Each structure stands twice: as structure tokens, then as C-alpha cells.
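For the sequence shown, this note's numbering assigns the number 266 to the last residue and increments by one with no breaks. C-beta atoms are modelled at their ideal positions from N, C-alpha and C, and glycine is treated no differently. The model shown is predicted, which means the values in this text are computed figures rather than measured ones. Just below is one structure, and these are the notes that go with it.
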Amino acid sequence: MQYGEDPLQRVVVYSSSSPKWVVFVHGGAWRDPSNDHSDGEKLLKALASNNDVSTASIDYRLSPKVQHPEHIKDVLTALSALYCTFKMEQMVLVGHSAGTFLALQSVIPQFYREYGDDNAERAVNACNAIFCVEGIYDLKTLLLVYPSYSDFVHQAFGTDEDRYDQFSPASGLYTVDNSKQLFIVHSPQDELLDYSQPSVGVRQLHNTNITTVEIPGTHNEAYSQPGLEQAITSYLNGHPAANGPAIDFYKQVYHDLVAKYGLQ
3 MQYGEDPLQR
13 VVVYSSSSPK
23 WVVFVHGGAW
33 RDPSNDHSDG
43 EKLLKALASN
53 NDVSTASIDY
63 RLSPKVQHPE
73 HIKDVLTALS
83 ALYCTFKMEQ
93 MVLVGHSAGT
103 FLALQSVIPQ
113 FYREYGDDNA
123 ERAVNACNAI
133 FCVEGIYDLK
143 TLLLVYPSYS
153 DFVHQAFGTD
163 EDRYDQFSPA
173 SGLYTVDNSK
183 QLFIVHSPQD
193 ELLDYSQPSV
203 GVRQLHNTNI
213 TTVEIPGTHN
223 EAYSQPGLEQ
233 AITSYLNGHP
243 AANGPAIDFY
253 KQVYHDLVAK
263 YGLQ
């Protein structure tokens with residue numbers, strides 16, 4: 003389903019029989035064409051086979067062809083198109099890596115009111131959970147810990163650091179409402195992102211409705227792990243399961259970040 007003129011402005015709908023939806027937003031550092039809607043295919047097909055849910059995966063335009071906020075505009079336009087076409091009643095968002103960043107932005111009022119339309123807001127209001135899988139949450143701390151990532155950050159956001167706070171969902175400027183349950187999903191085998199990013203999410207999203215989930219696998223294996231499907235299925239069945247590190251673990255990681263880098 004196209005939601006714009008660019009070939010990447012599309013949503014792939016795998017099933018649409020239920021008013022309950024699981025929607026996947028892929029990662030790839032806002033620029034990697036090898037990451038697309040198909041990243042979520044295995045997960046979404048398994049969820050649709052084992053649960054009464056509809057499923058879809060969003061593509062969006064990539065950098066350097068476009069810069070932010072065009073990525074989040076695309077995601078919100080895609081959600082609007084889904085809502086307008088299917089009148090979803092409930093939605094779970096699943097974001098991987100940069101897709102976590104976009105999924106979180108999409109449920110924050112300052113973003114969906116600025117960059118979305120009324121149907122995007124209705125879709126967001128139907129969202130009751132976000133699974134943040136090997137996520138990027140905050141650009142400034144990302145670059146403090148991983149200076150070599152400046153190349154893709156500059157491509158997607160430019161070099162003005164004020165924009166990093168403006169657009170980062172976990173910069174401390176924004177709140178994800180407690181009516182939306184956050185699942186912080188992270189693998190200790192992730193070779194591209196350590197626990198620093200999810201720790202910023204736990205600390206800075208100002209949400210107390212957080213469940214932590216640990217799954218195995220490298221950064222780009224995580225979204226196809228059975229453990230992720232099981233965690234989402236447990237949530238859909240009303241039994242959200244936490245098997246990840248305690249919240250205090252993430253708070254300690256954040257405390258160590260503050261001490262090492264002088265964060266405020």
C-alpha cells in the first residue's frame with residue numbers, strides 16, 4: 003500500500019482481518035537500504051499465525067536523499083493511511099534500532115501534532131504498547147559512546163546538535179504517557195549498541211510503565227528471535243512477561259554514563 007509518491011513510501015500489510023494491529027518499523031540507521039519492511043516479515047507472519055492480529059510493516063524514505071524530520075513524517079503518514087483504510091482499534095508498535103527512535107517519536111504529542119494529521123493521531127491513540135528492540139533513543143549520548151556513528155547521524159540529522167535534542171525521544175524534553183506500555187528489549191550479544199542507549203530510554207522517557215525483556219542474538223538478528231515473538235504474544239494475551247535486567251540495572255548504567263561523560 004503506497005502512502006506517497008516515492009517507492010519507499012509504502013506499507014506492506016501481511017494480514018488485515020483483525021481490528022488489533024502489530025506494526026513494525028525497521029531500522030538501518032535511517033539510511034541502509036538493506037533494512038526495509040521485510041525485516042519484520044518473519045515476526046509478523048508468526049504473530050498473525052498464532053494470534054488474532056493484523057500485521058503491517060512500514061517503509062520510509064532514507065538518508066541522504068532526505069533528512070529528518072522527513073523520516074518521522076513518513077511513519078506518521080503511513081500510520082494515518084493504515085488507520086484510514088482499516089480503522090484499527092488497537093495497535094502495538096515494534097521498532098528496531100532507528101525504528102525504535104521513530105516509533106517512540108510517533109507516540110509523543112509534540113511530534114504527531116507537528117508532523118501528522120488527525121488520522122495519525124487517532125492511530126497513535128489506538129497504540130497501547132511499544133516494543134523497543136535494540137533501540138536508539140538519544141542522539142547525543144549515542145555519539146558520546148560511539149563517536150564513529152557521526153557519519154550516519156550527520157546524514158540523517160545534520161551537524162547542529164540542538165537538532166539532536168529536538169528530535170531525540172529520550173533527550174529529556176518529552177514524555178511517553180504511562181497509558182502506553184514500553185517494552186525495553188535488548189540482547190547482551192548486540193555488537194552495535196550496548197546497554198547505554200536503553201538505559202537512557204528508561205531514565206529519560208518519563209514513563210513508569212516499563213517492562214524489560216532480554217533476547218539473544220546480534221543487532222540484526224534480534225527482530226527475528228522467537229523470544230521477541232513470545233514477548234509480544236504474552237502481551238497480546240494479557241500476560242506481559244519481564245525476563246530482562248531489573249530497572250535498577252538500567253538506572254545504574256545511566257548513573258555510570260553521567261559519571262563518565264558529565265551528562266546532566
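Item: On the three-pair Cβ rule with 8 Å, is the segment 78-90 touching the segment 40-52?; Value: no
Item: Alpha carbon to alpha carbon, how far is Ile-186 from Asn-245? Give it in angstroms, no decimals.; Value: 11 Å
Item: Checking 8 Å against the spacing of the C-beta atoms, do Ser-56 and Phe-88 come in under that value?; Value: yes
Item: Give me whichever residues DSSP pairs with Val-187 in a beta bridge.; Value: Val-135 and Val-215
Item: Quick check: Gln-112 and Pro-21, are their CB atoms within less than 8 Å of each other?; Value: no
Item: Is Tyr-263 buried or exposed, if buried means 16 or more other CB atoms sit within 10 Å of its CB?; Value: exposed
Item: Could you say which of Val-96, Gln-107 and Phe-251 lies nearest to Ala-233 if we only look at CA atoms?; Value: Val-96
Item: Helix, strand or coil: which one does DSSP assign to Gln-107?; Value: helix
Item: Do Pro-9 and Arg-33 have their C-beta atoms within less than 8 Å of each other?; Value: no
Item: Ends of the alpha helix (DSSP H) at Gly-229?; Value: 228-238
Item: Over the uninterrupted beta strand (DSSP E) stretch that includes Lys-22, give me the two end residues.; Value: 22-27
Item: Let's see if you can read the secondary structure: which residues bound the alpha helix (DSSP H) around Thr-177?; Value: From DSSP, Thr-177 is part of no alpha helix (DSSP H); its letter is neither H nor E.
Item: Is the segment 136-156 close to the segment 96-107, with three or more CB pairs under 8 Å?; Value: yes
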